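As structure tokens, the structure follows; a few thoughts come after it.
Chains as they are written, first to last, in the numbering used here: chain A, 131 to 368; chain B, 69 to 575.
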């Protein structure tokens, strides 16, 4: 970015432009740069630009690059147990995906998916597809890869505890191809994972009165270079 | 069989075996009156009228001039109900196809064109005997009387009427139709009760009585259908018929020159067979949603691969993709020696047309839908149908019955108990995860404990149901919070034991 500002001589194409307009052009480039999620500028902190998909939780938006969930790629959400609020985190995302007419595929969820909760969250059950828990790991990964490659699955949620980096990389590439967001739920963090983003939902702090905030740590995100933590109340409604 | 060439001359109308049959060769009476509004009285004008008919429907009448319609009337089918009649007639039509390629359905009657078959079979007697034998065995197999009434004449309707009269008449020339039909009682016509009564009151007993009546008057009194029927019988108006088309069936097989162990090398062959299938489907304007591949092995029972489609298709690429997916996951017990493809069912093809104008969302969504259903089929063919489910909400008080999972193919059932709207869902919070079997919670130091200590957040919500069925459900549900931050859905039994259970995670 600084390089562009330091351009003393305008390039051939801009020669005819008056000086005032060239300046306006630079700011235009700024906005272009900020809205490009693939461009990582080391000097900038997270939160630049607004190209993300808002999470619905302002404290979390603040620490995510692009102020929200990425539009495509593989995300890992790490929780010590299932049921720590990881689905509450995704409700606004799921709702907007269903509203766009896309489907949500749930691959081997650990418990029974309960339809009334989906309805309450505003998620149309007609656009929800389940792959049952008793499918083999290989088949589950195959379906996840296929689903990520298919453009009309808006969101693929999968529960797989341990996956080698090679597999994660393959899934990440599939998600890039299909323009789909995939979410892997795991118990353990794997370092050097090639996925786009790794989030950890920690044990909430010992209850301080009525505070119900859980700690969400952004371990890794493309476009961000250091771990950040936000405290999010998943159960705003209750 | 006699050489057809030796009987180059049409055989003279010979008497069928049945002694009641008679051959009528009469010359047209002078002053033939045609019926209808354009009725003319002079013979010349009448033939002019015929000529104009011929011009308008020239091809049809030109071919009709040489037609001989053979009607088979099965009065015994009248005792059966409608669908059964239809089924039997279809099966009989299959048999009648052995003498003619043009078979059409009429009430209790099959009519086929036999003029073109006369030369081959060397006479109508042969055809009649052949049919009588075949149909007789079939009819007696169904436990019905094994004979039928028949007639042949140059028009479809006349054959129908003649056969109904039961006189087994054979009329070769169109000019003779009028007098042949004239002898028939009016009962053979398709009339309703009122029309019948009126005809009777007019003193009309035979069709020849009708010939004497003015056409426009008849049209006025009995409607144009009645007059049309008579005109059709006389060959004055075209008679479009819907021909019997044998039900579609497709099966093709291929013996391999040598045994193959590698399924990938079978794919080009399967591709070719699918191309044949898709070609067949396109010609019949059909699509298929269920295919059966069988790979035969030496000295072993063959491997069967069933391909089920969510949406009937006739796209070769799509079917091939599904087959490849199946093959990728398939282990064969022995090398393959032959491959066979069979279409198990056929559906009407429903294409969709894209809008000329770019409407944006709806068009792309429909496109996406077809891609999505292809993806779902792929999933199903790899994982098995029982592993891909959908969820649905039911209007139920009991929490464990309020959600159901069902197979995609059971979609129609699901449509019946239409998904519950938001108003019908419980207003109290419900968890995303439900435990199949509730876990009993323990008490430690007077506090509920699961993984960590539990404190209640909200509740209770009392659910009492199924008291009428013996399994009395009386529970107080609470939303609780575990010390590590997860939200739980727990309940306390209201019975004798008052235990606490964990039933779900809000996740």
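Using N, Cα and C, we set each Cβ at its ideal position, and we do this for glycine too.
Just so it is clear, the structure is predicted and the values come from calculations on it, not from any experiment.
query: Apart from the five residues on each side of it in sequence, which residues of its chain come closer than 7 angstroms, Cβ to Cβ, to residue 330 of chain B?
result: Around residue 330 of chain B, the same chain offers no residue with a beta carbon nearer than 7 angstroms, after the five sequence neighbours per side are excluded.
field: Contacts of residue 211 of chain A in chain B (Cβ-Cβ under 8 angstroms)
entry: Neighbourhood of residue 211 of chain A in chain B, by CB distance below 8 angstroms: 519, 552, 554, in chain order.
message: Within 8 angstroms, do at least three Cβ pairs link the region 203-215 of chain A to the region 465-472 of chain B?
response: Contact between the region 465-472 of chain B and the region 203-215 of chain A is absent, because fewer than three Cβ pairs lie under 8 angstroms.
task: Assess, as a yes-or-no matter, whether the region 399-412 of chain B is touched by the region 316-327 of chain B under the definition of 3 or more beta carbon pairs within less than 8 angstroms.
output: When Cβ pairs closer than 8 angstroms are counted between the two stretches, the region 316-327 of chain B is seen to touch the region 399-412 of chain B, the count reaching three or more.
- prompt: In the DSSP assignment, what are the bridge partners of residue 327 of chain A?
  reply: BP columns for residue 327 of chain A point to A/205, A/351.
Sequence-distant residues of the same chain with beta carbon closer than 6 angstroms to residue 153 of chain B, five excluded per side: Excluding positions up to five away in sequence, the list reads 145.
Those residues which DSSP pairs with residue 394 of chain B across a bridge: Under DSSP, residue 394 of chain B forms no beta bridge with any residue.
- request: Assign residue 20 of chain B to buried or exposed, taking buried as 16 or more other Cβ atoms, counted over all protein chains shown, within 10 Å of its Cβ.
  value: What the structure shows of chain B is the stretch from 69 to 575, and residue 20 of chain B is not part of that stretch, so it cannot be assessed.
query: Around the C-beta of residue 70 of chain B, are 16 or more other C-beta atoms found within 10 angstroms, so that it is buried, or is it exposed?
result: Confidence in residue 70 of chain B is poor, its pLDDT being 39 and thus under 50, which makes the residue's placement too unreliable to answer from.
task: To the nearest angstrom, report how far apart residue 302 of chain B and residue 280 of chain B are at their CA atoms.
output: Spanning the alpha carbons of residue 302 of chain B and residue 280 of chain B requires a straight line of approximately 14 angstroms.
task: Could you name the residues of the same chain whose beta carbon sits closer than 8 angstroms to that of residue 500 of chain B, not counting the 5 residues immediately before and after it, in chain order?
output: Correct list, in chain order: 572, 573, 574, 575.
Beta-carbon separation (whole angstroms), residue 496 of chain B vs residue 245 of chain A, contact threshold 8 angstroms: The pair is not a contact, with the Cβ atoms about 15 angstroms apart (cut-off 8 angstroms).
- request: Indicate whether residue 204 of chain B and residue 217 of chain B have their beta-carbon atoms separated by less than 8 angstroms.
  value: Inclusion of residue 204 of chain B and residue 217 of chain B in the CB contact set at 8 angstroms is not warranted, their separation being larger than that value.
Coil, strand or helix - residue 228 of chain A by DSSP: Of the three classes helix, strand and coil, the one that applies to residue 228 of chain A here is helix, per DSSP.
task: With 8 angstroms as the threshold, decide whether the Cβ of residue 214 of chain A is near any Cβ in chain B.
output: Yes - at least one Cβ of chain B is within 8 angstroms of the one on residue 214 of chain A.
task: Going by CA-CA distance only, name the one from A/272, A/206, A/196, A/227 that's closest to residue 443 of chain B.
output: It is A/272.
- request: May I ask you to list, following chain order, the residues of the region 131-164 of chain B that have a beta carbon less than 9 angstroms from some beta carbon of chain A?
  value: For the region 131-164 of chain B, the set of residues with a beta-carbon nearer than 9 angstroms to any beta-carbon of chain A is empty.
- prompt: Mind checking residue 120 of chain B: buried by the 16 CB within 10 Å criterion, or exposed?
  reply: Legend: pLDDT at residue 120 of chain B = 39, less than 50; position of this residue unreliable, value from coordinates given subsequently. Counting of Cβ neighbours within 10 angstroms places residue 120 of chain B among the exposed residues, the total staying below 16.
field: Neighbour list for residue 470 of chain B in chain C, Cβ cutoff strictly below 9 angstroms
entry: Reference to chain C is not applicable here, since the protein chains of this structure are A and B.
query: Whole alpha helix (DSSP H) runs in the region 154-212 of chain B with 4 or more residues, listed along the chain?
result: If we require 4 residues or more, the alpha helix (DSSP H) runs fully inside the region 154-212 of chain B come out as 183-189, 192-209.
- prompt: Alpha carbon to alpha carbon, what distance is there between residue 316 of chain B and residue 352 of chain B?
  reply: Distance between the alpha carbons of residue 352 of chain B and residue 316 of chain B is about 8 angstroms.
- request: At 7 angstroms on the CB atoms, spell out the chain A contacts of residue 461 of chain B, in chain order.
  value: Neighbours of residue 461 of chain B on chain A, chain order: 245, 246, 249, 255.
- prompt: Who are the near neighbours of residue 325 of chain A in its chain, counting only those whose CB is closer than 6 angstroms to its CB and skipping five residues on each side?
  reply: Counting only residues of its own chain and dropping the five nearest sequence neighbours on each side, residue 325 of chain A has a CB closer than 6 angstroms to the CB of 204, 206, 298, 302.
- prompt: Can you find a C-beta in chain A that's less than 8 angstroms from the C-beta of residue 568 of chain B?
  reply: Under the Cβ distance rule, residue 568 of chain B does not count among the residues neighbouring chain A, no pair being separated by less than 8 angstroms.
message: Using 8 angstroms for Cβ pairs, my map puts residue 220 of chain A next to residue 235 of chain A. What's the rounded Cβ distance?
response: Beta-carbon to beta-carbon, residue 220 of chain A and residue 235 of chain A are separated by about 13 angstroms, too far to satisfy the 8 angstroms threshold.
- request: Give the interface partners of residue 456 of chain B over in chain A, defined as CB-CB distance under 8 angstroms, in chain order.
  value: Within chain A, the residues 259, 260, 261, 262 have their CB atoms less than 8 angstroms from the CB of residue 456 of chain B, given in chain order.
message: I need the boundaries of the beta strand (DSSP E) containing residue 547 of chain B, first residue and last residue.
response: In the DSSP assignment, residue 547 of chain B falls within the unbroken beta strand (DSSP E) covering 541-550.
- prompt: Is the Cβ of residue 306 of chain A closer than 8 angstroms to any Cβ of chain B?
  reply: Contact with chain B is absent for residue 306 of chain A, since none of that chain's Cβ atoms lies less than 8 angstroms from the residue's Cβ.
query: Excluding the five sequence neighbours on either side, which residues of its own chain have a C-beta within less than 6 angstroms of the C-beta of residue 371 of chain B, listed in chain order?
result: These residues qualify, in order along the chain: 363, 400.
message: Here's the rule: buried if 16 or more other CB atoms are within 10 angstroms of the residue's CB, otherwise exposed. What is residue 159 of chain A?
response: Exposed.
Interface residues of chain A facing residue 499 of chain B [CB-CB closer than 7 angstroms]: For a Cβ distance threshold of 7 angstroms, residue set 244, 247 of chain A lies close to residue 499 of chain B, ordered along the chain.
query: If you draw a straight line from the alpha carbon of residue 520 of chain B to that of residue 509 of chain B, how long is it in whole angstroms?
result: Going by the C-alpha atoms only, they are around 11 angstroms apart.
- request: Report buried or exposed for residue 332 of chain B, applying the criterion of at least 16 other Cβ atoms within 10 angstroms of its Cβ.
  value: Exposed: under 16 other Cβ atoms inside 10 Å.
message: For the structure I just gave you, are there three or more beta carbon pairs, one from the region 246-257 of chain B and one from the region 275-289 of chain B, closer than 8 angstroms?
response: In the pairwise beta carbon analysis, the region 246-257 of chain B is classified as touching the region 275-289 of chain B: at least three pairs are separated by under 8 angstroms.
query: Since residue 325 of chain B is in the beta strand (DSSP E), which residue starts that stretch and which ends it?
result: In this chain, the beta strand (DSSP E) harbouring residue 325 of chain B covers 319-328.
message: Determine whether the beta carbon atoms of residue 321 of chain B and residue 408 of chain B lie at a separation below 8 angstroms.
response: In this structure, residue 408 of chain B lies closer than 8 angstroms to residue 321 of chain B by Cβ.
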